[in-house]
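Let me begin by presenting the structure, written as structure tokens, before commenting on it.
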Amino acid sequence: MHMSLHPIRREWRSLSEFERHAYTNAVLCLRTKPSRIGMNHTLWDDFPYVHFQSNDDIHFAASFLTWHRYIIHIYHQALVTECGYKGELPYWDWTLDWQNLSAAPVWDLDHGFSGNGRESAEPSAFFPCSHCIKDGTFANVNVSLAGATYAPHCLTRDFGSFKHEPVASLSQHLRPSAIEALMEEDDYYEFLVKFEDGTHIAIPKFIMGDFRLFTSPNDPIFFLHHGQIDRIWWRWQQHDLQRRQYKYTGSFKLRSKEQVSVDDIVSIGGLAPDIKASELLNVRSGIFCYTY
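In the UniProt record's numbering, the protein residues as written are 1 to 292.
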């Protein structure tokens with residue numbers, strides 16, 4: 001039997017209850033740790049803060065995949081070093097749930113990430129009709145940021161409330177056949193644009209609440225979603241490894257005509273050292289050591 005020499009990131013539903021609890025306990029532990037970037041909030045809040053501050057550099061830009069590969073790696077490291085987590089970073093394969101996203105195992109109240117929010121009497125300037133998480137593992141969790149503003153509020157979700165596209169339409173981007181079609185796109189930047197603008201954004205548009213803001217890492221499901229995004233990029237690379245492993249092309253940042261280079265520096269806002277893009281293209285070398 002073939003055995004991988006690299007740690008394997010696994011899909012959430014394949015974890016035992018013990019493994020799921022170990023992960024969610026470590027996630028909650030981040031709320032007790034101080035900021036790494038000198039802010040008056042917790043290590044949990046560092047991730048949405050850095051994501052927001054980096055927004056124009058990491059969306060609809062070539063670095064979308066590299067930057068997010070790096071931040072979920074740093075998040076996993078924080079769970080391990082700060083909170084004693086001993087497992088790998090899991091992912092949520094929503095292609096298994098595309099026909100009924102709200103019934104996905106990740107929303108299990110006791111062995112997952114809680115479920116949908118409930119309309120509550122805790123409105124804020126950003127969520128005038130707030131849908132706070134009131135049940136399960138992440139019940140009554142408060143987060144600090146909404147966009148650029150320090151705005152403590154309950155963690156919110158409001159499944160299926162995106163007014164401009166129904167869930168049935170969003171789900172089409174998550175069908176297994178839609179992912180297989182992406183595998184046939186040979187150009188890195190063309191693959192990235194189709195992937196980000198269709199498949200990637202469908203999940204925030206379904207979950208809504210905190211996940212719909214650029215401080216989306218407020219919601220811990222962000223990291224399982226981006227684990228799946230990273231896995232699909234990895235699959236795309238594996239599809240033609242010799243030609244695709246180190247492909248990295250496209251716009252340097254949003255609305256920019258400047259093109260990227262593998263020598264470009266990827267910054268993660270002080271959460272970890274800056275790194276060259278070339279060091280983020282292979283999950284089995286350099287700072288990385290994992291597979292799917």
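Glycine included, every Cβ here is placed at the ideal spot set by N, Cα and C. Note that this is a predicted model, so its numbers are computed, not measured.
Next on the checklist: So if DSSP puts residue 266 in a beta bridge, which residue, or which two residues, is it bridged to?
Outcome noted: The partner list for residue 266 (beta bridge, DSSP) reads 275.
Item to check | Proximity winner among 135, 256, 200 and 108, relative to residue 179 (alpha-carbon distances) | outcome: 200 is the residue among 135, 256, 200 and 108 whose C-alpha sits nearest the C-alpha of residue 179.
Checklist entry - Is the stretch 31-46 touching the stretch 72-84 in the sense that three or more CB pairs, one from each, lie closer than 8 Å? => result Touching, per the Cβ criterion.
Item to check | Of the residues 292, 278, 289 and 290, the one placed nearest residue 67, counting alpha carbons only | outcome: It is 278.
Checklist entry - What do you get for residue 88, buried or exposed, if any count of 16 or more other CB atoms within 10 angstroms of its CB means buried? => result Within a 10 Å sphere around the beta-carbon of residue 88 sit 16 or more other beta-carbons, which makes this residue buried.
Checklist entry - Residue range of the alpha helix (DSSP H) that residue 145 falls in? => result Annotation: residue 145 is outside any alpha helix (DSSP H); the continuous beta strand (DSSP E) that includes it extends over 142-146.
Checklist entry - What did DSSP end up calling residue 189 once you bin it into helix, strand or coil? => result In the structure shown, residue 189 sits in a helix (DSSP, three-state: H, G or I).
Item to check | Secondary structure, alpha helix (DSSP H): runs of 4+ residues fully inside the stretch 27-86 | outcome: Qualifying alpha helix (DSSP H) stretches, in chain order: 43-53, 55-58 and 63-83.
Item to check | Those residues which DSSP pairs with residue 259 across a bridge | outcome: Bridge partners of residue 259: 251.
Checklist entry - Given a threshold of 16 other Cβ atoms within 10 Å of its Cβ, counted over all protein chains shown, does residue 271 qualify as buried or as exposed? => result By the beta-carbon neighbour count (other beta carbons within 10 angstroms, threshold 16), residue 271 is buried.
Checklist entry - Which first and last residues belong to the beta strand (DSSP E) in which residue 152 is found? => result Note, residue 152: beta strand (DSSP E), 149-154.
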